[in-house]
Structure formats: structure tokens, C-alpha cells
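Enquirer: Residue numbers (the working numbering), protein chains in the order written: chain U, 689 to 895; chain F, 689 to 895. Glycine included, each C-beta is placed from N, C-alpha and C at the ideal position. Since the structure is predicted, the reported quantities are computational estimates derived from the model, not experimental observations.
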DNA sequence: GTCTATAAATTGATAGAC
DNA sequence: GTCTATCAATTTATAGAC
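#1: How would you write the range of the alpha helix (DSSP H) that residue 867/U sits in, first residue to last?
#2: Counting only beta-carbon atoms, is residue 726/F nearer than 8 Å to chain U?
#3: Counting pairs of beta carbons, one from the region 805–814 of chain U and one from the region 872–883 of chain U, are three or more of them closer than 8 Å?
#4: For a contact meaning CB atoms closer than 9 Å, what does residue 796/F contact in chain U?
#5: Are the region 728–743 of chain U and the region 797–805 of chain U touching, with three or more C-beta to C-beta distances below 8 Å?
#6: How many Å lie between residue 703/U and residue 756/F at the Cα?
#7: Would a check of beta-carbon distances place residue 688/F closer than 8 Å to chain U?
#8: Please list, in chain order, all residues of the same chain as residue 891/F whose beta carbon is under 6 Å from its beta carbon, the five residues on each side excluded.
#9: Does the region 757–767 of chain U come close enough to the region 736–743 of chain U that 3 or more CB-CB pairs lie under 8 Å?
#10: Measuring CB to CB, does residue 711/F end up less than 8 Å from residue 749/F?
#11: Residue 743/U CB to nearest chain F CB: under 8 Å?
#12: Decide if residue 845/F is buried, meaning its Cβ has at least 16 other Cβ atoms within 10 Å, or exposed.
#13: Taking three-plus beta-carbon pairs below 8 Å as touching, is the region 849–858 of chain U in contact with the region 849–861 of chain F?
#14: Name, going along the chain, the residues of the region 835–849 of chain F whose beta-carbon falls closer than 7 Å to a beta-carbon of chain U.
#15: Tell me whether residue 847/F is buried or exposed, calling it buried when 16 or more other Cβ atoms sit within 10 Å of its Cβ.
#16: Considering only the beta carbon of each residue, do residue 744/F and residue 727/F sit closer than 8 Å?
#17: Counting along the chain, where does the alpha helix (DSSP H) carrying residue 823/F start and finish?
#18: Which residues in the same chain have their Cβ closer than 7 Å to the Cβ of residue 696/F, if we skip the five residues on either side of it in sequence?
#19: Going along chain F in order, which residues have a C-beta closer than 9 Å to the C-beta of residue 698/U?
#20: My parser needs the beta strand (DSSP E) runs of 3 or more residues fully inside the region 689–758 of chain U; what are they?
#21: Using C-beta distances below 7 Å, list every residue in its chain close to residue 876/U, excluding the 5 sequence neighbours before and after it, in chain order.
#22: Quick one: Cα of residue 747/U to Cα of residue 717/U, how far?
#23: Considering only residues of the same chain and omitting the five flanking positions on each side of residue 722/U, which have a CB-CB separation below 6 Å?
Take a look at the structure:
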């Protein structure tokens, strides 16, 4: 589906990358469009040609996060046979960028939390919430594939996503990569290999 | 230690209460001093007589949260004999205000997350972080009293606080009191009654 | 101590030349 | 499509009368 970007799309994507990083590092409220323009090496006035409002830019960031998330899920579904092992990979995934997560928190979770506070901009909050629900749905599918009942799978998924998110919050607040690492590893060890007679190899290639 | 408030302290406390509620509902960045003044029925200009800056007001809110937290810990230490039961009470405590937590998230955790983003106002972030560390320290003491080793107690405490915080984030994002309730109850059920030969009745009256 | 202006700074967004 | 200049609104903070 994605084609080679046109010349003008490069600028759009440069702005999107700058905004993605800045929303992670500084949050939505603190990040000004001048910040974004500056990091992307684009004059302030030109930002509005690509994104009509600040909200539209944030919305694009969230959409990009969601797309990337779904690609990761598809990749895990296709590349890892055991749902148990997929979940383990999900849990330890933050270790790939542990320094940034210790410094700035989870790029998805912190967006969810902050945007919920922006009362009149409810659409943005709803969009960010889809990031968390995407996690929960995918994790739930893995527990289903491990033989859990639908209700149990949903509950376990919600618990697990909460534990991962909470871990990132604590590690970020403590600014400690070590806490993040140790805690995620403990969390991975609590994973059951299967529920009862788990029918593995069931979910493939659906994010 | 607390004495009867003077007349002028009433206004100060009214502002503090308004700010506390608004920081929970709208976050720091979204809440204007005009909002606070309005909710406290105080003219905008008068706010600055009691709190020199917005940061000073937020700092007072955090200090008040921390004091309230420590009182709660002391109350639990003194009123509940079993550390295991103290932890259960900690876990289900959010159910006392489940509606507000489902709507606005954890008043402590969301402050931590948001204030971390305000780069140049680092002192505020550090102050908010003390809320989370206060939880972790108290929980750690309970695990110690249950016979865990210091290292294990610290790890378990970090895990438990993360799980509770993550649960509030997920429930808030899903805006679901039911998710909050069910998930916290499951979490409470994972509590061990003791480690090995737990020497209970050890920690009392120290927050 | 209280309150009404209003200053000063920031920032989202636009106009309009090129 | 690009970029400079600027508007308009918001908001922290202060001045100064009472």
C-alpha cells in the first residue's frame, strides 16, 4: 500500500517525525508548533500548509503510532508461533528503547493520560485511547489462542497491559532503566505457558 | 500539630482545594489560575496574595497530597494488624472514589506523568515523584513485615504500585468503573498471605 | 488584605508577498 | 508551495486604588 513518497511528502513526514518525538519528550501541551517547525527545519508558517491545526498534527501522530503498532502485531503474529512467546516479546519490547522510556515514559500511555485532560479536545483523547485498546485487543487474542475463555482472556489482557503501562510509569518516575528492565523481566516470568489444553498456532496474521 | 485555621487561612485552603480538584480533572497545563479563582470564588488578582506563582500553587497541592498520603499510611499501620490486610486495603482503596478515578485517573499518577513533561519546571516534577516513591516505600515496608528480604520487598512493592497505577490508567482510558473494580479485586487476590515464616505485627505507626 | 485594571509574554493561526 | 510578518487570543503576573 505505501508508495514512494513524493518530494513534498518528505516535508510532511519530517514534520510528523519531529512532532512524534516532541510529543513523547515534552507532551502535547508543552510542545509548541514553533518547536516542531524548528526541529523539522521548516519555517513556522509552512507548518500550516501540511497540518491545518495543532490538533490535526497530533491526530496524525496518533494515527502513525497506531499504524506502527498494528504492523508490530502483524509481525509478531506472523513471525512467532507460540502465543506465549508473542506475549513475552510484547512485555520486553520496551527494553529496545529503555533509555528513552526511562527518560520520557511510554509514548502511547503518556499521550493517553495527558490528552484525557484536554476537556474540549475530546476527539484527540478518543484517538489516543485507541492505542491502549489496540494493545488490549491483541493481547486478548493471544490469551484466547492459549485456550482461555473469552472473558478470562479479556481480563488477563487488561491486567497485563496495565502491568506493563504501570511499570513504564514507575520506571520513568524513578528515571531508572534498571527498574524498567528488572520489573519487565519479572512480569514476563509470570506468564503461563498455556491455560489448560491450549490450542496454539491459532491466531496468525491478524492485527 | 494542625491548629484551627485563621480566617485568612480559609481562603488559602479554599484555593488549595479548588486547585487540587482542578489539577485532577484538567491537569496542570489546562488549568488556568482564572479557573482556580473562579471555582474558589476568589478574584483572580487575589490568588497571587496567597500563592506567588502557578508553580507555587501546584507545589502546595502536591504537598497536601503527600501529607494526606502519609496520614493514610499511618492510619493503616495503626488500625490494621496484618500487613497482608493493609496491602489489600491499599489495592482496593481506589474503589472508594471509583467514579472520579474512572473519569479523571489517579490524582497522583497523572500528576507524575504530566509534570515530568514540563522540562524547565523540573522541581515540580521531582515533587510529584515523591508521591509515587511514598507509595513504594510504604508498600515495601509491608512486604518486609511479611518476611520478604529487603531486595524482594522492594521489587514486589515496585511491581504492586505499578500494577495499581496501570490499572487506574487502563480503567480511566476505558472510562470504566467496572474495569477498575474487577481488575483491582483480581489484583488483591494475587497477594500472598506471607512470604515464608512471616514475622507479622512488626511495622506500626510509621509512615 | 482585597480587588480592578492592565501589563507582558506566549502561541495558535492567518495574510499576503514571492 | 514557501516563507515573513503579524494578528488575535490566552494567560501569567503586576500595579495600584481601596
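Expert: Looking at the atomic coordinates:
#1: 865–877
#2: no
#3: no
#4: Neighbours of residue 796/F on chain U: none; closest Cβ ~10 Å, over 9 Å.
#5: no
#6: 44 Å
#7: Because residue 688/F is not part of the residues shown, which for chain F are 689 to 895, the question remains open.
#8: A caution first: residue 891/F carries a pLDDT of 46, below 50, which makes its placement in the model too unreliable to give a value.
#9: no
#10: yes
#11: no
#12: buried
#13: yes
#14: 843, 846, 847, 849
#15: buried
#16: no
#17: 810–833
#18: none
#19: The premise fails here: residue 698/U is roughly 28 Å from chain F at the closest Cβ pair, so nothing lies under 9 Å.
#20: none
#21: 776, 779, 780
#22: 14 Å
#23: 732
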